[in-house]
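Below: one structure, written as structure tokens.
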Amino acid sequence: MMKDQKTEFRIFTISQYRQEEEYLTKMHEQGWKFRRVDFPGFYRFDKCQPEQVSYRLDFNLEGLKNKGEYEKMFEDCGWEPIQDFMGYSYFRKAGQAGEEKEEIFCDDDSRLEMMNRVFRGKMIPLIIIFLACLVPQFVSNMWGYGNHGNFGYLVTVALLVVSIMYLVTFAVMTVQFYQYEKNAKGESSELKLKYCGIAAILTLFVVGIGFVIWASSRSVYDFTEVDSGYVVEAERLNSVVSVDYDLKAGDTVYYHIDHTGGEISLNLEEQGEDPVYYGNFYESGDHIYEIQQDGSYSVEVSGKNGNGTITVSIQ
Amino acid sequence: MDAHIKKVYVPMTETGFYILLCLKEPNHGYGIVQRVKELTEGAIVLAPGTMYGSLSKMEKDGVIRFVREEDKRKIYQITELGNEVLELEMHRIERLYRNMKEMR
Chain G
5 MMKDQKTEFR IFTISQYRQE EEYLTKMHEQ GWKFRRVDFP GFYRFDKCQP EQVSYRLDFN
65 LEGLKNKGEY EKMFEDCGWE PIQDFMGYSY FRKAGQAGEE KEEIFCDDDS RLEMMNRVFR
125 GKMIPLIIIF LACLVPQFVS NMWGYGNHGN FGYLVTVALL VVSIMYLVTF AVMTVQFYQY
185 EKNAKGESSE LKLKYCGIAA ILTLFVVGIG FVIWASSRSV YDFTEVDSGY VVEAERLNSV
245 VSVDYDLKAG DTVYYHIDHT GGEISLNLEE QGEDPVYYGN FYESGDHIYE IQQDGSYSVE
305 VSGKNGNGTI TVSIQ
Chain E
129 MDAHIKKVYV PMTETGFYIL LCLKEPNHGY GIVQRVKELT EGAIVLAPGT MYGSLSKMEK
189 DGVIRFVREE DKRKIYQITE LGNEVLELEM HRIERLYRNM KEMR
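Chains as they are written, first to last, in this note's numbering: chain G, 5 to 319; chain E, 129 to 232.
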């Protein structure tokens, strides 16, 4: 890479176009002229004289459809079109030192309109993708369909992280919208009501996700101890049921599983040692293990959204 | 007049008012910027993001119409509906001015 060119990696989210404008302006002030940006966030610069140059972003899909006319209007007003990327159009204009940064919007109404366009153009498609992919995942997770195991767990965690990112971006955009609308149209009880409504829906959504997570990790089962053994009647087994027995070589531990859903795990280990028998099961069956060595054993039953009846008997 | 048009254009933003006023004669975006600068002695300088967005919106709302294109510049002119809406706004401003003068 030559010394008169530079590439920096930055991510600016949907609601951060102002920060992106600041970043490009600052770089130019330091002697780096913005050349172009490549997906997903590689900003390419050429060395130049440090200058006061204002960078602004517009979001106008109709403008992109009529690019000739759109860019001409900006050029007439002294703005140089640089690139369009992900729906945003990048412009720059030389400014006088000490003067306020140049703007491409001269009133709050049009600024708000631009934010509306961003919302309609970017946020709504994302929300649709969100609902189409993530919600079924959460639902299936809660009712214990399909294979779980470690991979399933990772997917759930990843989805959770993505959901939180979505909600944060959405919340930030909502706050931005509120401030702009307040400045443009004046504070009013109608405005407050509208945004309280949006905030309420967001909160409901967060609570809903929280509930789904809580519900899917609850453990619901009945435990009954019987002669030489025990019975676990599981509605949603998510925890470990463990009973200790003193066993002798030759004793047999007999597990009978009546499986109706989720994952049921069995574990048999001598205290303080590695398990001598363990497994994850997704269907009904009988599992028998003959003790090899005298000792005190933990005979365990656990699961992930496990549904069914597990009978443990020792002979 | 459409209830939607009334809601959006009465009262009007200062930008919207000047655009409609200037488009009593056919003109393009930058022409309007220059004319408004003249009329307000440099106090109001319309910006391209606002200009392009407003012109698109006004065309969709039917208060202005496309006349022709020259050198990649679209030329617009005010419509009947636009004139109606502008008249309403001008009456509002006149009333404002009258009351202002009385109470000054």
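Cβ coordinates follow ideal geometry from the N, Cα and C atoms, glycine included.
On the CB-based measure, 16 or more other CB atoms within 10 Å of its CB, does Leu-65 (chain G) come out buried or exposed? The residue labelled residue 65 (chain G) in the question sits at position 61 within the first sequence. With fewer than 16 other Cβ atoms within 10 Å, it is exposed.
Is the separation between the beta-carbon of Glu-192 (chain E) and that of Ile-206 (chain E) shorter than 8 Å? Locating residue 192 (chain E) in the second sequence gives position 64, counting from the first residue. Locating residue 206 (chain E) in the second sequence gives position 78, counting from the first residue. Checking the sequence, you will find Ile at residue 192 (chain E) rather than Glu. In this structure, Ile-206 (chain E) lies closer than 8 Å to Ile-192 (chain E) by Cβ.
Going by beta-carbon coordinates alone, are Leu-270 (chain G) and Tyr-301 (chain G) separated by less than 8 Å? As a position in the first sequence, residue 270 (chain G) is number 266, starting the count at 1. As a position in the first sequence, residue 301 (chain G) is number 297, starting the count at 1. No, these two residues do not count as a Cβ contact at 8 Å.
Can you tell me where the beta strand (DSSP E) holding Asp-290 (chain G) begins and where it ends? As a working mapping, residue 290 (chain G) is identified with position 286 in the first sequence. Element bounds for Asp-290 (chain G): 289-294.
When the Cα atoms are used, what is the spatial distance from Tyr-259 (chain G) to Cys-200 (chain G)? As a first step, residue 259 (chain G) is located in the first sequence; it is residue number 255 there, counting from the start. As a first step, residue 200 (chain G) is located in the first sequence; it is residue number 196 there, counting from the start. Using only the alpha carbons, I get a separation of about 55 Å.
How would you list, in chain order, the residues of chain E whose beta-carbon sits under 7 Å from the beta-carbon of Asp-113 (chain G)? Taking the first residue of the first sequence as 1, we reach residue 113 (chain G) at position 109. Result: Thr-141.
Using a Cβ-Cβ cutoff of less than 7 Å, which residues in the same chain neighbour Glu-12 (chain G) once the five nearest sequence positions on both sides are dropped? Here residue 12 (chain G) is taken as the residue at index 8 of the first sequence, counted from 1. These residues qualify, in order along the chain: Tyr-47.
Backbone CA spacing between Glu-212 (chain E) and Gly-212 (chain G) [nearest angstrom]: Numbered from its first residue, the second sequence carries residue 212 (chain E) at position 84. Numbered from its first residue, the first sequence carries residue 212 (chain G) at position 208. The straight-line gap from Cα to Cα measures roughly 50 Å.
CB contact check: Thr-168 (chain E) to chain G, cutoff 8 Å: Taking the second sequence and counting its residues from 1, one reaches residue 168 (chain E) at position 40. No - not a single Cβ of chain G is within 8 Å of the one on Thr-168 (chain E).
Since Tyr-204 (chain E) meets chain G, which of its residues come closer than 7 Å, beta carbon to beta carbon? Indexing the second sequence from 1 puts residue 204 (chain E) at position 76. Those within 7 Å of Tyr-204 (chain E) in chain G number zero; the least Cβ separation is about 11 Å.
Can you tell which of G:Val-224, G:Asp-248, G:Gln-9 has the C-alpha that lies nearest to the C-alpha of Ser-232 (chain G)? Within the first sequence, residue 232 (chain G) is the residue found at index 228, counting from 1. Selected option, being the one with the closest Cα: G:Asp-248.
Between G:Leu-241, G:Asp-290, G:Phe-49, G:His-32, which has its C-alpha nearest Gly-99 (chain G)'s C-alpha? Reading the first sequence from its first residue, position 95 is the one you call residue 99 (chain G). If we check each option's Cα against that of Gly-99 (chain G), G:His-32 comes out closest.
Range covered by the beta strand (DSSP E) that runs through Ile-86 (chain G): Mapped onto the first sequence, residue 86 (chain G) falls at position 82. Per DSSP, Ile-86 (chain G) belongs to the beta strand (DSSP E) from 84-89.
Tell me which residues of the stretch 148-159 of chain E have at least one Cβ-Cβ distance to chain G shorter than 7 Å, keeping chain order. Gly-157, Tyr-158
Cβ of Leu-79 (chain E) within 8 Å of any chain G Cβ: It is not possible to answer for residue 79 (chain E), since the shown part of chain E is limited to 129 through 232.
What number of angstroms, rounded off, separates the C-alpha of Ile-18 (chain G) from the C-alpha of Val-166 (chain G)? In the first sequence, counting from the first residue as 1, residue 18 (chain G) sits at position 14. In the first sequence, counting from the first residue as 1, residue 166 (chain G) sits at position 162. Computed Cα separation, rounded: 15 Å.
Leaving out five residues on either side along the sequence, give the residues of the same chain with a beta carbon under 6 Å from the beta carbon of His-132 (chain E). Here the question's residue 132 (chain E) lines up with position 4 in the second sequence. The answer is none, since no qualifying residue turns up.
May I ask you to check if the CB of Phe-145 (chain E) is nearer than 7 Å to at least one heavy atom of the ligand NAP? This structure simply doesn't include the ligand NAP, nor any ligand for that matter.
8 Å Cβ shell around Ser-288 (chain G) - same chain, five flanking residues per side excluded: As a first step, residue 288 (chain G) must be located in the first sequence, where it is residue number 284. Counting only Cβ-Cβ distances below 8 Å, and skipping sequence neighbours, we find Ile-261, Asp-262, His-263, Gly-312.
Pairing CB atoms from the stretch 197-206 of chain E with CB atoms from the stretch 73-86 of chain G, are three or more of them under 8 Å? yes
Just tell me which of G:Lys-7, G:Gly-91, G:Leu-68, G:Gly-82 has its CA closest to the CA of Lys-51 (chain G). Reading the first sequence from its first residue, position 47 is the one you call residue 51 (chain G). For Lys-51 (chain G), the nearest C-alpha among the options comes from G:Lys-7.
Determine which residues of the stretch 41-70 of chain G have a Cβ less than 9 Å from any Cβ of chain E, and write them out in chain order. Arg-60, Asp-62, Asn-64, Glu-66, Gly-67, Asn-70
Contact set between the stretch 193-225 of chain E and chain G, restricted to residues whose Cβ is under 7 Å from the partner: Lys-200, Arg-201, Lys-202
Alpha-carbon to alpha-carbon, Gly-265 (chain G) and Tyr-149 (chain G): Locating residue 149 (chain G) in the first sequence gives position 145, counting from the first residue. Locating residue 265 (chain G) in the first sequence gives position 261, counting from the first residue. Bear in mind that a pLDDT of 48 at Tyr-149 (chain G), under 50, signals an unreliable position, so the number given afterwards is only what the model happens to contain. Going from the Cα of Tyr-149 (chain G) to the Cα of Gly-265 (chain G) covers about 8 Å.
Should Arg-96 (chain G) go down as buried or exposed, given a rule of 16 or more other Cβ atoms within 10 Å for buried? As a position in the first sequence, residue 96 (chain G) is number 92, starting the count at 1. Counting Cβ neighbours within 10 Å, Arg-96 (chain G) comes out buried, since at least 16 surround it.
Residue range of the alpha helix (DSSP H) that includes Thr-256 (chain G): For this step, residue 256 (chain G) is matched to residue 252 along the first sequence. Premise fails: Thr-256 (chain G) lies in the beta strand (DSSP E), 256-274, not in any alpha helix (DSSP H).
Which residue from G:Leu-163, G:Glu-84, G:Val-257 puts its Cα closest to that of Arg-39 (chain G)? Sequence index remark: in the first sequence, residue 39 (chain G) carries index 35 (1-based). Answer by Cα proximity: G:Glu-84.
Going by the DSSP bridge assignment, what does Thr-315 (chain G) pair with across the sheet? Here residue 315 (chain G) corresponds to residue number 311 of the first sequence, with the count starting at 1. In DSSP, Thr-315 (chain G) forms a bridge with G:Val-235, G:His-260.
Under a CB-based cut-off of 8 Å, is Ile-213 (chain G) close to chain E? Counted from its first residue, the first sequence places residue 213 (chain G) at position 209. Chain E contact via Cβ: absent.
Please state if the CB of Tyr-21 (chain G) and the CB of Tyr-94 (chain G) are separated by a distance shorter than 8 Å. On the first sequence, residue 94 (chain G) is found 90 positions in, with the first residue counted as 1. On the first sequence, residue 21 (chain G) is found 17 positions in, with the first residue counted as 1. In this structure, Tyr-21 (chain G) does not lie closer than 8 Å to Tyr-94 (chain G) by Cβ.
Please classify Asn-151 (chain G): is it buried, with 16 or more other beta-carbons within 10 angstroms of its beta-carbon, or exposed? The sequence position of residue 151 (chain G) within the first sequence is 147, counting from 1. Low confidence applies here, because Asn-151 (chain G) scores a pLDDT of 46, under 50, leaving its location unreliable and the question unanswered by this model.
Step through the CB atoms of chain E and report whether any lies within less than 8 Å of the CB of Glu-24 (chain G). Within the first sequence, the letter at position 20 stands for residue 24 (chain G). No, its Cβ sits nowhere closer than 8 Å to a Cβ of chain E.
The alpha helix (DSSP H) with Leu-65 (chain G) in it runs from where to where? Mapped onto the first sequence, residue 65 (chain G) falls at position 61. Unbroken alpha helix (DSSP H) run through Leu-65 (chain G): 65-69.
Could you spell out the range, first to last residue, of the alpha helix (DSSP H) harbouring Tyr-180 (chain E)? Position 52 of the second sequence, counting from 1, holds the residue named residue 180 (chain E). Here the alpha helix (DSSP H) through Tyr-180 (chain E) covers 176-189.
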